[in-house]
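The numbering of the sequence shown is full-length UniProt numbering, which starts it at 1 and goes up by one.
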Amino acid sequence: MNKIFKLTQPAVETLAEIYGTPLLVLSLAQIEYNYKFLAENLPGVKLHYAVKANPDEQIVRTLAGLGSCFDVASDGEILSLTELGIAPDRMVYANPFKTHNGLAVAKRTGVYKFTFDSESEIYKMAKAVPGGAVLLRVRVDNPKALVDLNKKFGTHPDDVLRLLTIAREQGLDVAGLCFHVGSQSVTADAYVDAIRICRRLFDEAAQAGFNLRILDIGGGFPVPTIDTEFDILQITQTISRSLSKYFPATEIWAEPGRFICATAVNLITRVIGTQQRNNQQWYFLDDGLYGTFSGVIFDHWDFELISFKSGDPIAATFAGPSCDSLDVMFRDKLTVPLNMDDLILVPNCGSYTSASATVFNGFAKTARVVWEDVKQDIEKTVKDSTNKSIA
Ligand SMILES: *Cc1c(COP(=O)(O)O)cnc(C)c1O
């Protein structure tokens, strides 16, 4: 099993005491570990971190230092990466429907690689970024993904040649194909199916005089959850084998988001109220659906809550701190009975969490510290207090 960043109880208590709650703790060592894991197990694949999963500047800087490329989807993402000194040729603007401002910023900053899946986008790109290198996004069905994006994006394989032809006529550099199997794909099946379909499409395109040179296999690589089991090594090996078989001589890209950042962040949150309502136990936390737990809505994610207490589990409702009725994260969630001020650790909190958090109702975005910056101090404080309590 993969290494996963998880704070200990004494570290959680000390961090909460020093920095207050709610608090996000980011491990850059885990980011590095995750990046290297994929780089090693998908050999030869150029990794483009999907910035939307977590645009934290320290994450982006760390990945840039490791040689990563980036999947960006907006003018804002292009501009923040440019400000960090990341060269435009390390970015792919992988949003099938780009805004006019996004294309203008791409032109201005020199970003020249794009994905698309519609005819209307071709004319827009030909005008705004003439000669741009474009990858056509192909639809791949993946009912097993947690978030299946193929209902929203991707052109039907039957329409691929027509769109490639129009793109060529419009003067774009028709560079290849891409797909995205959807997020948290727990088997390799969808990748293998998509790779096979793309092989056939590459061959058909070659017969029509295209020289496609890039295949982008998207993101979707899974991370551990409360209730899914999978073998990430087996998934990457199966994908790798399929790539060597069908695309031995093609440049391959991938766009991992969740896999890089999910396991690198822990949330420390606190019980700020308890209430019995209609025979249901309610707990109010100081982070909520409008904050770090936004992934419950936007990412359909079920977070693990660790309370470091023992007791017989009960089914409880967990709500956030805002005054809105929507701000309920979990119903009938099994937990040991909790008390006012109890601390809760939420591991695997780094993807589609803070990225989609709001400041609704005046709650600031949850502060975050980098674990490697504070680790020595925290561990020393923990050690000193343990010694004191022993003495
Ligand atoms: C969101 C997204 C990704 C990242 O997906 P993960 O499931 O987080 O790996 C990759 N490619 C595209 C086009 C996306 O929209």
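Yeah, the Cβ is synthetic: ideal placement off N, Cα and C, and Gly gets one too.
Residues sharing a beta bridge with residue i, DSSP
i	result
residue 402	Beyond the ends of the chain as shown, which are 1 and 391, falls residue 402; an answer cannot be given.
Leu-136	Phe-116 and Leu-177
Glu-251	Ile-214
Met-91	Phe-70
Ala-190	In the DSSP output, where bridge partners are listed per residue, Ala-190 has none listed.
Tyr-283	Thr-274 and Phe-318
Phe-330	Phe-318
Tyr-49	Phe-70
Leu-26	Val-265 and Val-370
Ile-306	Leu-345
Backbone secondary structure at residue i - three-state DSSP
i	result
Asp-216	strand
Lys-6	coil
Ile-235	helix
Gln-170	coil
Thr-155	strand
Ile-268	strand
Leu-201	helix
Leu-345	strand
Val-129	coil
Asp-299	coil
Thr-386	helix
Ala-364	coil
residue 433	This structure cannot speak to residue 433, because the chain is shown only from 1 to 391.
Thr-292	helix
Ile-226	coil
Asn-34	helix
Ile-260	helix
Tyr-352	coil
Gly-102	helix
Val-160	helix
Gly-76	helix
Residue i vs residue j beta-carbon contact at 8 Å
i	j	result
Ser-322	Phe-360	yes
Tyr-246	Ile-195	yes
Ala-128	Lys-107	yes
Phe-70	Leu-81	yes
Val-72	Val-51	yes
Val-12	Ile-268	yes
Ala-319	Gly-288	yes
Gly-154	Asp-117	yes
Thr-109	Leu-135	no
Leu-212	Phe-221	no
Glu-40	Thr-62	no
Ile-4	Cys-261	no
Pro-347	Ile-306	yes
Gln-170	Tyr-123	yes
Phe-230	Val-181	no
Leu-172	Gly-209	no
Leu-164	Val-174	yes
Ala-64	Leu-84	yes
Gly-176	Asp-216	yes
Val-336	Gly-311	yes
Val-138	Ile-214	no
Phe-97	Glu-121	yes
Ala-355	Asn-54	yes
Leu-28	Glu-372	yes
Cys-349	Asn-279	no
Contacts around residue i, its chain only, beta-carbon distance under 7 Å, and the 5 residues preceding and following it disregarded
i	result
Ala-188	Ile-235, Thr-238 and Ile-239
Ser-34	The amino acid at residue 34 is misidentified as Ser; the sequence shows Asn. The answer, listed in chain order, is Phe-259, Ile-260, Thr-263 and Ala-264.
Val-105	Asp-75, Ile-78 and Leu-79
Asp-286	Thr-21, Pro-22, Thr-269, Arg-270, Ile-272 and Pro-321
Ala-205	Leu-161, Leu-164 and Leu-212
Asp-341	Arg-270 and Val-271
Sequence-distant residues of the same chain with beta carbon closer than 6 Å to residue i, five excluded per side
i	result
Lys-113	Val-92 and Ala-133
Ser-74	Gly-102
Thr-353	Thr-292 and Gly-295
Glu-255	His-48, Ala-50, Asp-71, Gly-218 and Gly-219
Val-111	Ile-78, Pro-88, Met-91 and Tyr-93
Gln-275	Trp-282
Trp-301	Gly-295
Asn-95	Ala-73
Thr-358	Tyr-290
Met-344	What sits at residue 344 in the sequence shown is Ile, not Met. Answer for Ile-344: Thr-269, Leu-305 and Ser-307, listed in chain order.
Close Cβ partners of residue i (< 8 Å) along its chain, the five nearest in sequence each way excluded
i	result
Arg-199	Tyr-246 and Phe-247
Leu-15	Leu-7, Leu-23, Val-25, Ile-268, Val-369, Val-374 and Ile-378
Ala-190	Val-140, Asp-141, Asn-142, Lys-144, Ala-145, Val-181, Gly-182 and Gly-220
Val-328	Leu-289, Thr-317, Phe-318, Ala-319 and Gly-320
TODO: With a cut-off of 5 Å, give the chain-ordered residues whose Cβ is closer than this to any heavy atom of ligand 1.
DONE: Ala-50, Ala-53, Ala-94, His-180, Ser-183, Gly-218, Gly-219, Gly-220, Glu-255, Pro-256, Gly-257 and Arg-258
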